[in-house]
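Trainee:
Residue numbers (our numbering), protein chains in the order written: chain A, 29 to 445; chain B, 29 to 445.
#1: To the nearest angstrom, how far is it from the Cα of residue 221(B) to the Cα of residue 50(A)?
#2: For the alpha helix (DSSP H) containing residue 270(A), list its first residue and its last residue.
#3: Going along the chain, which residues of its own chain have a beta-carbon closer than 7 Å to the beta-carbon of residue 267(B), five neighbours each way excluded?
#4: Within 9 Å (strictly less), CB to CB, does residue 144(B) reach chain A?
#5: Check the Cβ-Cβ distances between residue 422(B) and every residue of chain A, and say whether any is below 9 Å.
#6: Drop a sphere of 10 angstroms on the beta-carbon of residue 183(B), count the other beta-carbons inside from all chains shown, and report buried for 16 or more, exposed for fewer.
#7: Taking the alpha-carbon of residue 213(B) as reference, which of 425(B), 167(B) and 291(B) has the nearest alpha-carbon?
#8: Quick one: give me the first and last residue of the alpha helix (DSSP H) that residue 315(A) is part of.
#9: Return no unless some Cβ of chain B is closer than 9 Å to the Cβ of residue 398(A).
#10: Would you say residue 415(B) and residue 442(B) are within 9 Å of each other, going by their C-beta atoms?
#11: Closer than 7 Å by beta-carbon distance: list the chain A residues that pair up with residue 83(B), in chain order.
#12: Which runs of the alpha helix (DSSP H) at least 4 residues long sit entirely within the stretch 96-160 of chain A? Give them in chain order.
#13: Where does residue 73(A) fall in DSSP's three states?
#14: If we call anything under 9 Å between Cβ atoms a contact, is residue 117(A) one with residue 82(A)?
#15: For residue 314(B), go through chain A and note every residue whose CB falls closer than 7 Å to its CB, in chain order.
#16: For residue 416(A), would you say it is in contact with chain B, using Cβ-to-Cβ distances shorter than 9 Å as the test?
#17: Since residue 407(B) sits in a beta bridge, which residues does DSSP pair it with?
#18: Would you say the stretch 164-180 of chain B touches the stretch 97-113 of chain B, given that touching needs at least three Cβ pairs under 8 Å?
#19: Judging by CA-CA distance, which residue of 272(B), 408(B) and 238(B) is the nearest neighbour of residue 46(A)?
#20: Can at least three beta-carbon pairs, one atom from the stretch 302-317 of chain A and one from the stretch 373-392 of chain A, be found at a separation below 8 Å?
#21: Determine the closest residue to residue 299(B) out of 151(B), 322(B) and 309(B), with distance taken between C-alpha atoms.
#22: Compare the Cα-Cα distances from residue 427(A) to each of 285(A), 330(A), 152(A) and 256(A) and report the closest residue.
#23: Identify whether residue 217(B) lies in helix, strand or coil by the three-state DSSP scheme.
#24: How many whole angstroms separate the CB atoms of residue 270(B) and residue 226(B), which I take to be in contact at a CB cut-off of 8 Å?
#25: In chain order, what residues of the same chain lie with their CB nearer than 8 Å to the CB of residue 436(B), ignoring the 5 residues before and after it?
#26: For the stretch 334-354 of chain A, list every residue whose C-beta sits within 9 Å of some C-beta in chain B, in sequence order.
#27: Please look up how many angstroms separate the CB atoms of residue 67(A) and residue 41(B), rounded, as I've assumed it's under 8 Å.
#28: Measure the alpha-carbon distance for residue 65(B) versus residue 439(A) and round it to whole angstroms.
#29: For residue 166(B), write down the residues that DSSP places opposite it in a beta bridge.
#30: So, residue 202(A) versus residue 251(A), is the Cβ gap smaller than 9 Å?
#31: Would you kindly check if the distance between the Cβ of residue 57(A) and the Cβ of residue 31(A) is under 9 Å?
#32: Can you tell me which of the three DSSP states residue 299(B) falls into?
#33: In terms of residue numbering, what span does the beta strand (DSSP E) encompassing residue 284(B) cover?
#34: Counting pairs of Cβ atoms below 8 Å between the stretch 362-369 of chain B and the stretch 340-348 of chain B, do you hit three or more?
#35: Please specify which runs of the beta strand (DSSP E), each continuous and at least 3 residues long, are wholly inside the stretch 329-389 of chain A, giving them in chain order.
#36: Distance check for residue 315(B) and residue 412(A), CA to CA, integer angstroms please.
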């Protein structure tokens, strides 16, 4: 089955807004072996929208639209699809009654304009929207199934899911099995070099490598026309071989972030953490505290951006700062020890470096970052020179610190503990 | 002139990768009055790509493709466009010579496979790629201009720019003028309610309101067939009226972020800042230190996630914590005063709240956040109840704190200072 996704909305063509509904839909379809051939973004423009819907329906067996189902004049998806499919729009009193109920619950009278949402494409099934006023519409024209979804993701998802289960899963013609690894402490090209000879041999499963600062993801997708078991066997055969080559860098085999994996590991071991951040400016604490439940293990720390705070609060020796500078292994070490003592934490983790674009000195290039972890009977420091913008150097520093912690939790503490 | 953009690459259909080349191209085209009607993402699939190129060329006068010009088997853009335009591919020896030079400079022999990049669509102009091996191609087929660009943005941009200046700007038929305002401390619906009666009267300029947590943007785009001056006059007429209504919330009329505006303002007034962060976990410091040059005014601060750090480092009275709780106006106030004293800063800014999803108590709902600013002879606290996920509550808290600082810098210190 071929699928085309059409996101409707002038704001998506303009001004740096990006459609994300297609990502959700593509992932769900893929899980059932329906691959998206193409996706389109089109403005709130009748001729353009009707044109692309018509072409898409000639090409694909499934066309999914999101957006343009609201009550205002620029919401034209219902009309454009009706035009493309050469069908009439029919006014349905029941929908108006439902809309009036929704507004009554909100304590207001339904604005007249919302009655536009009661127009339905002839022959379409109306899919209730539990979270908004725009119902979804599903039309099966024989050669092509067309689904109209509202634009806001929280409204789009439940409607998509109900149609997906009822009409799409039953006709999906592939069995799919996916696995993924998340890696840190290794670059994209190094990852590729270590396993390309294995995965290049396979056209099924398909291997994809995705890179973001600090984290590499490897995805494997196996397909079978016969059974789930076959799809799984194909995927496992390849993934297990790749895993063997890269296991030292894999921090997760499910969809969790590196901070989540670390918070979980700290919880398992009942350890507390405090951070001392110079160039990362609070970003390490920010990432860790994005994790639900991080307050069980994360105490906090010090953003020691100015040197006066490194000495005044963290207790870094002024002589160290003078002799080695703020960006040095010695300062990083004293920051980690200092924050651990100050916060009475089990682990102190420190970052100090030059995020740029200014600040380099002789022997200390832009992007030079020192990281240090201090724990009971354990100290480890390292440094790296990161390239990229200020924000990317910050991000890479933070992930490098998290990776040092991951290695500590794995190695120094013993894997089986 | 109608334009359609086609991003080529299976990775863009899959696994949460998003095409960003179209955003750059759309912005540049818009500056010259060429509006993008549609954009398409299509995988590395010959039939699909040739099909959409053919349809796009029937519909638009300008079709821009990015991606798929590399040397490997899945790079099929040249061939697909040739098929769609019913033109031949011609092998050009000069390109091979250029490619060999590029590889020699890198100290390696050109892999045989790169010779594929020397195939050119009959009648196309070859546009040199100073940053990579894939040259761009420009074909004017009479009714439609087709531009083939490499996928990596750093290679795409220079090639696009040279074609843009040479072939597109001369035929652009609109004069365009844009203005924008950035607002904080006001919601999207409140913004709309305050100025909709003005902007709804105008079809030219077009007004767009964009919302992200903490910041609202208003964009105005005026077009004229006659002159730059007319486009400007039209835009100013509307923008000035809207500005009058919303001036209390506007923090920038150019493309700078709220943290950038605040760092600049602190620099102008030679003031230093320290932060005390509980629920925001370092995110306030992180945002501020993303600004180049923030080290001139930002000293750092304390991530006081655990209560022991609020009292132990910041000096919040244990009796305050006991009586009012960690999430209270009193604690926020003592945190701001404490961090200001500890870091010897001119301004102390504190955030404490319940980011969720757990942690609510009787009388203290999820999303309740207290913010306090302490400066010489000045203290101001406020609280808000934010909705949204943990990360959104954190982000809204941070922007609320930044807005409190903006108001302090503007009002308490005197606007004219």
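In this text, a Cβ means the ideal position worked out from N, Cα and C, and glycines have one as well.
Mentor: Based on what the coordinates show:
#1: Going by the C-alpha atoms only, they are around 31 Å apart.
#2: From DSSP, the alpha helix (DSSP H) with residue 270(A) extends over 256-274.
#3: So the list reads 207 and 248, once near-sequence residues are dropped.
#4: With 9 Å as the cut-off, residue 144(B) does not count as an interface residue toward chain A.
#5: True, the Cβ-Cβ gap to chain A drops below 9 Å.
#6: Buried is the call here.
#7: For the residues 425(B), 167(B) and 291(B), the minimum Cα distance to residue 213(B) belongs to 425(B).
#8: Start and end: 311-317.
#9: Taking 9 Å as the CB threshold, residue 398(A) stays off the interface with chain B.
#10: In this structure, the beta-carbon distance from residue 415(B) to residue 442(B) does not fall below 9 Å.
#11: Against chain A, the beta carbon of residue 83(B) has neighbours under 7 Å at 83, listed in chain order.
#12: Within the stretch 96-160 of chain A, the complete alpha helix (DSSP H) segments at least 4 residues long are 105-112 and 121-133, listed from N- to C-terminus.
#13: Look at residue 73(A) here: in three-state DSSP terms it is coil, with no helix or strand label.
#14: The answer is no: Cβ separation not under 9 Å.
#15: Correct list: 309, 310, 311 and 314.
#16: Chain B places no beta carbon closer than 9 Å to that of residue 416(A), leaving this residue out of the contacts.
#17: Per DSSP, 402(B).
#18: Counting Cβ pairs under 8 Å, three or more are found: they touch.
#19: Of the candidates 272(B), 408(B) and 238(B), the one whose C-alpha sits nearest the C-alpha of residue 46(A) is 238(B).
#20: A contact exists between the stretch 302-317 of chain A and the stretch 373-392 of chain A.
#21: Residue 322(B) is the option with its Cα nearest to residue 299(B).
#22: Measuring C-alpha to C-alpha distances from residue 427(A) to each of 285(A), 330(A), 152(A) and 256(A) identifies 285(A) as the nearest.
#23: Three-state result, residue 217(B): helix.
#24: That belief holds up - the Cβ atoms of residue 270(B) and residue 226(B) are roughly 6 Å apart, short of 8 Å.
#25: So the qualifying residues of the chain are 375, 401, 403, 406 and 408.
#26: Listed by position along the chain: 334, 336, 337, 338, 340 and 341.
#27: The C-beta separation of residue 67(A) from residue 41(B) comes to about 7 Å, placing the pair in contact by the 8 Å criterion.
#28: Counting only the Cα atoms, residue 439(A) lies some 55 Å from residue 65(B).
#29: Beta-bridge pairing links residue 166(B) to 153(B) and 175(B).
#30: Against a cut-off of 9 Å, the Cβ pair of residue 251(A) and residue 202(A) comes out as a contact.
#31: Going by C-beta atoms, residue 31(A) is nearer than 9 Å to residue 57(A).
#32: If DSSP states are grouped into helix, strand and coil, residue 299(B) belongs with coil.
#33: Per DSSP, residue 284(B) belongs to no beta strand (DSSP E) and is neither H nor E.
#34: The stretch 362-369 of chain B vs the stretch 340-348 of chain B: in contact.
#35: Entirely contained in the stretch 329-389 of chain A, the beta strand (DSSP E) runs reaching 3 residues are, in chain order, 375-381.
#36: Distance between residue 412(A) and residue 315(B), taken at the CA atoms: about 23 Å.
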